[in-house]
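The block underneath contains the structure these notes are about, expressed in structure tokens.
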């Protein structure tokens, strides 16, 4: 299934968002959310190595086993769904959010998401229980879509509760257990609710999130930016928050405490905003030639003058991958090729390793108006001169596949994650995908 980042809801009959709300690739595009997912970005350049690095498929954790469930429990069948996010802290510390989705009959409603967190220790996957997962899996209406670790003893996970209306969920790891973070601070006269679309963290007392907002009783709300100081979340005003166009923050990334970036959909396109530790500034992004609308789904940087933004734009030939680079003074659009003729594709996440080494992932499909779901995994590599599409590793056959998150701790420890639709397994039968780029000995 071919998906993009969830944007805020609107009431039936309400006017469409100024930014991309959904660009059809056979189905409605929604967030994983992606995306909304900022990649863990190493600052070291590519290390010299005699090894031959390649992509390979990795067996994802057995989610039903992790949740202590059988494949069928009291008539409730559990099917693995996407890995929402991956964060590679080191070769021996890789974290993912793993989701199980329940689909069948009473007493549980269908389509429930139950998210949990798992860690790879270099040899095995170890469950790291999320406190948002209830003892009764049928009531587990929660999804974790973002991860960010600054050390083995300090990490953050974020997503949303799936109760009506959706409400943000933030959790913190202290090295031994996860705890649910206190409630966010909503501006006066605004309805609570929303989904986390971006996460940046530097310590247990310094974290940032962005929240896409729903339409509520008091109207359409701009996205929130919130900061954690170790005691509470506080609303942070930003330049476009006061505009009449009502911005939708689609990505948030933090390289350092004085280097925070936002991408916000507004007026049919995107604008970037930068926090230098004292104030925000708006940094307009160029519009692709012929673009009807466009969106940014992922941000990643190695320095103040080496930042990548990836997403998609809608042009005369369909939906195309988008990559833009910030050199400290200006944005430049650079082409990202897609396999095949008349390609259609999106990029959801990016991990910058050095000025000559970056990875971006997403999905693609042939033709401007593809029928059905049939997306394929898209992996792109930047070598300092150009982006090149790299074949995804072989794995289980899939009717549809997509990658929603990429993270790297070094040039030879890169992880990509997402989902695939299992063929001949019934409607909406999804399985996790997990790929690793590293040395083969």
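Residue numbers (mature numbering (1 follows the signal peptide of the UniProt record, and there is no 0)): -36 to -1, 1 to 405.
Every residue gets a Cβ at the ideal spot worked out from N, C-alpha and C, and that includes glycine.
Assigned exposure category for residue i - 16 Cβ within 10 Å defines buried
i, result
"residue 349", "exposed"
"residue 407", "Absent from the structure is residue 407, since the part of the chain shown begins at -36 and ends at 405."
"residue 341", "buried"
"residue 260", "buried"
"residue 90", "exposed"
"residue 56", "exposed"
"residue 313", "buried"
"residue 399", "buried"
"residue 143", "exposed"
"residue 289", "buried"
"residue 335", "The predicted model places residue 335 with a pLDDT of 32, which falls under 50 and marks its position as unreliable; any figure quoted below should be read in that light. Exposed, by the Cβ-count rule."
"residue 174", "buried"
"residue 347", "exposed"
"residue 404", "exposed"
"residue 358", "exposed"
"residue 243", "exposed"
Within 8 Å, strictly: CB atoms of residue i and residue j
i, j, result
"residue 133", "residue 61", "no"
"residue 273", "residue 227", "yes"
"residue 216", "residue 162", "yes"
"residue 235", "residue 249", "yes"
"residue 287", "residue 351", "yes"
"residue 355", "residue 24", "no"
"residue 193", "residue 222", "no"
"residue 204", "residue 246", "yes"
"residue 292", "residue 316", "no"
"residue 310", "residue 280", "no"
"residue 364", "residue 384", "yes"
Which residues DSSP lists as bridging residue i, in chain order
i, result
"residue 199", "190"
"residue 278", "257, 283"
"residue 342", "326"
"residue 112", "120"
"residue 88", "Its beta-bridge partners do not exist; DSSP assigns none."
"residue 303", "None; residue 303 has no bridge partner."
Member of the options whose CA lies at the smallest distance from the CA of residue i
i, options, result
"residue 372", "356, 402, 385", "402"
"residue 381", "54, 16, 210, 59", "59"
"residue 213", "115, 230, 198", "230"
"residue 264", "224, 120, 285", "224"
"residue 81", "177, 126, 140, 130", "140"
"residue 255", "268, 384, 275", "275"
"residue 85", "110, 112, 106, 116", "116"
"residue 114", "166, 158, 130, 148", "166"
Subject >> In chain order, each alpha helix (DSSP H) run of at least 4 residues that lies wholly inside the segment 201 to 271 >> reply: Secondary structure within the segment 201 to 271: not one fully enclosed alpha helix (DSSP H) run of 4 or more consecutive residues is present.
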